[in-house]
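Undergrad: This is the structure I have questions about; it appears just below.
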Amino acid sequence: MKDETLLITSGRPGPAHFGAVSTPVYRTSTILHETLAALEGASQPFTYGRRATPSTRALEEAIAALEGGARTVLVPSGLAACTLAILSVCGAGQHLLVSDGVYGPTRAFCQTVLKRYGVETTFYDPLIGAGIAGQFRPETAALFIETPSSLTFEMPDVPALVAAARAHGITTLLDNTWATPLLFKPLAAGVDLAILAATKYIAGHSDVNIGAVTAAPGHEKALVETHGRLGLTVSGDDAFLALRGLRTLALRLARQGETGLALACWLETRPEVARVLHPALPGDPGHAVWRRDFSGTAGLFGIALAPVGKPALARFMDGLELFGMGYSWGGFESLIVPANPVRTASTFAADGPLLRISAGLEAPEDLIADLSAGLARLTAEG
Ligand SMILES: *Cc1c(COP(=O)(O)O)cnc(C)c1O
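In the numbering used here, the protein residues as written are 1 to 382.
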């Protein structure tokens, strides 16, 4: 079955739901059992609300089908998906390799909590490719990849990273929030745990924080056990919203990817813009890797402005009417925020301010008009 069809057919309710086409929201902590044997038996599909309800199970099954995974678990945020995946693959005395282009809060988790529990993290240049093998130590347990890099949009060579890790028995984790499994399938590329901030494109309506981790066969046991021991759970309401979003993911992502690329192409022609960071642009340094590994583009990208003062930048951003200034991305509405990447193992140079743009579902012409007026304010006398 094609992904577009899976998005529609997976995670649908069984006959117990009177023919309802959407799995209802189950709000329950307690599941009652008819008999002592049932209570104590292992055959019940649901035992306790924290562990699963039909609402959360439906979303898990839909994401697992899309990822081609053995098992998906849900967590209360995308960040929790990153931290759970890491906690499930390493312990005290072990070593973790994390991309220097990783989502900032994932970096902070490694540097604080993980360090406190005796796991050492080394950050690697996201463009290191097969050279990653030079960073492996006997105690290296896992390699954390993110593609493209948060804020800077570099494209790591995932097949080269995975091949090196596999050759050394090192578990691979990949934050695939940008592409979603529609544009890139981590497990098919040999990754062991695929991570999604479903808050972004999966839910797609800026109304919920939720995350998912999907395990390749053989990796589900440690994931499910760690998830259960940590007591992580997601409400039926949040699972329902994410599953409703998932039904239209293919349409939204295609349109937002198209709009984002149209904005990127237009921005490339503007003298106020020093560089556009978008792997689907033919001139982008990551373009060849993107073309080889991904089947399409998302609508999130970066721009580096030509050097400009803070007051002018504020005039540009404060006056935008369609681009909201706020964190997160992948929702129906266009967003713009300043981006300040932190790098410790590699460099990312930009002379002017770096901005991140999430293309929404508005008409591209209107978005371009908004940016055009903004760039005129940027260079106008203050
Ligand atoms: C937003 C984001 C997350 C975290 O998702 P939240 O739901 O905000 O916690 C993780 N990884 C990436 C790449 C993200 O962009």
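The beta carbon of each residue, even a glycine, is placed where N, CA and C say it ideally should be.
Between the C-alpha atoms of residue 304 and residue 358, what's the straight-line distance to the nearest angstrom?
TA: Those two C-alpha atoms are separated by around 15 angstroms.
Undergrad: If I'm right that residue 67 touches residue 214 with Cβ under 8 angstroms, what's the distance once you round it to whole angstroms?
TA: Sure, about 4 angstroms apart at Cβ, within 8 angstroms.
Undergrad: Within its chain, find whatever has a CB closer than 7 angstroms to the CB of residue 290; leave out the 5 residues flanking it on each side and keep chain order.
TA: Within the same chain, residue 290 has close Cβ partners 155, 279, 280.
Undergrad: Any idea what DSSP makes of residue 128, helix, strand or coil?
TA: Correct three-state label for residue 128: coil.
Undergrad: From the DSSP output, in three-state form, read off residue 316 for me.
TA: Correct three-state label for residue 316: helix.
Undergrad: Spatial neighbours of residue 48 within its chain, please: CB distance less than 8 angstroms, with the 5 preceding and 5 following residues excluded, ordered by chain position.
TA: Result list for residue 48: 29, 30, 31, in chain order.
Undergrad: Please report the straight-line C-alpha distance between residue 7 and residue 92, rounded to a whole angstrom.
TA: Taking the straight line joining both Cα atoms gives about 39 angstroms.
Undergrad: Distance, Cα to Cα, residue 354 vs residue 272?
TA: Those two C-alpha atoms are separated by around 12 angstroms.
Undergrad: What beta strand (DSSP E) runs, 3 residues minimum, are completely inside the stretch 232-288?
TA: Listed in chain order, the complete beta strand (DSSP E) runs (minimum 3 residues) inside the stretch 232-288 are 273-277.
Undergrad: Specify, as a first and last residue, the run of the beta strand (DSSP E) that residue 74 falls within.
TA: Per DSSP, residue 74 belongs to the beta strand (DSSP E) from 71-75.
Undergrad: So, is residue 112 buried or exposed, given that buried needs 16 or more other C-beta atoms within 10 angstroms?
TA: Classification for residue 112: exposed.
Undergrad: Pick from 107, 138, 61: whose alpha carbon is nearest that of residue 94?
TA: The shortest C-alpha separation from residue 94 is found at 138.
Undergrad: How would you label residue 75, buried or exposed, when you count the other beta carbons within 10 angstroms and need 16 or more for buried?
TA: Buried, by the Cβ-count rule.
Undergrad: Output needed for residue 340: all residues of its chain with C-beta closer than 8 angstroms, excluding positions within five of it in sequence on either side, in chain order.
TA: If we look at residue 340 and ignore the five residues flanking it on each side, its Cβ neighbours are 151, 354.
Undergrad: Could you check what DSSP says for residue 105 in three-state terms: helix, strand or coil?
TA: Of the three classes helix, strand and coil, the one that applies to residue 105 here is helix, per DSSP.
Undergrad: Given 8 angstroms as the limit, tell me if residue 26 has its C-beta closer than that to any heavy atom belonging to ligand 1.
TA: It does not: the Cβ of residue 26 is nowhere closer than 8 angstroms to a heavy atom of ligand 1.
Undergrad: I need the straight-line Cα distance from residue 70 to residue 324, nearest angstrom please.
TA: Each residue's alpha carbon lies about 38 angstroms from the other.
Undergrad: Cβ atoms of residue 198 and residue 211: under 9 angstroms apart, would you say?
TA: Yes, the Cβ-Cβ distance between residue 211 and residue 198 is below 9 angstroms.
Undergrad: If you measure between the beta carbons of residue 255 and residue 361, is that distance less than 9 angstroms?
TA: Result yes, Cβ atoms of residue 255 and residue 361 sit closer than 9 angstroms.
Undergrad: Compute the minimum distance between the beta carbon of residue 202 and the heavy atoms of ligand 1, and state whether it is under 8 angstroms.
TA: Answer for residue 202: no, Cβ out of range of ligand 1.
Undergrad: Would the stretch 252-269 count as touching the stretch 122-131 if we require 3 or more Cβ pairs under 8 angstroms?
TA: At 8 angstroms Cβ cutoff, the stretches do not touch.
Undergrad: Please classify residue 371: is it buried, with 16 or more other beta-carbons within 10 angstroms of its beta-carbon, or exposed?
TA: The residue in question, residue 371, is buried, as its Cβ has 16 or more Cβ neighbours within 10 Å.
Undergrad: Are the beta-carbon atoms of residue 444 and residue 85 separated by less than 9 angstroms?
TA: Nothing about residue 444 can be read from this structure; the chain reaches only from 1 to 382.
Undergrad: What are the start and end residues of the alpha helix (DSSP H) that includes residue 158?
TA: Start and end: 158-167.
Undergrad: For residue 324, list the residues DSSP reports as bridge partners.
TA: DSSP, once it has assigned bridges, lists 335 as partnering residue 324.
Undergrad: What does the alpha-carbon distance come out to for the pair residue 58 and residue 238?
TA: If I take the Cα positions, the gap works out to 12 angstroms.
Undergrad: Measure the C-alpha to C-alpha separation of residue 133 and residue 82 and round it to an integer number of angstroms.
TA: Using only the alpha carbons, I get a separation of about 23 angstroms.
Undergrad: Is residue 168 buried or exposed, if buried means 16 or more other CB atoms sit within 10 Å of its CB?
TA: With fewer than 16 Cβ atoms within 10 Å of its Cβ, residue 168 is classed as exposed.
Undergrad: By the three-class DSSP mapping on this structure, what secondary structure does residue 300 have?
TA: In this structure, residue 300 counts as strand in the three-state DSSP scheme.
Undergrad: What first and last residue would you give for the beta strand (DSSP E) that runs through residue 95?
TA: Element bounds for residue 95: 95-99.
Undergrad: Can you list, in chain order, the residues of its chain with a C-beta nearer than 7 angstroms to that of residue 270? Leave out the 5 residues immediately preceding and following it.
TA: The answer, listed in chain order, is 375.
Undergrad: For residue 25, which of 36, 13, 34 has the nearest alpha-carbon?
TA: Cα-wise, what sits closest to residue 25 is 13.
Undergrad: Taking only heavy atoms of ligand 1 into account, decide whether any of them is closer than 8 angstroms to the Cβ of residue 333.
TA: Flag unset: Cβ of residue 333 not near ligand 1.
Undergrad: I need the DSSP call for residue 80, collapsed to helix, strand or coil.
TA: In the structure shown, residue 80 sits in a helix (DSSP, three-state: H, G or I).
Undergrad: Am I right that residue 119 and residue 223 are in contact with their C-beta atoms under 8 angstroms? What's the rounded C-beta distance?
TA: Contact flag wrong, Cβ pair sits at about 17 angstroms.
Undergrad: So, under 8 angstroms CB-CB, residue 301 and residue 378 are touching, yes? Tell me the CB distance rounded to an integer number of Å.
TA: Incorrect: roughly 18 angstroms between the Cβ atoms, too far for contact.
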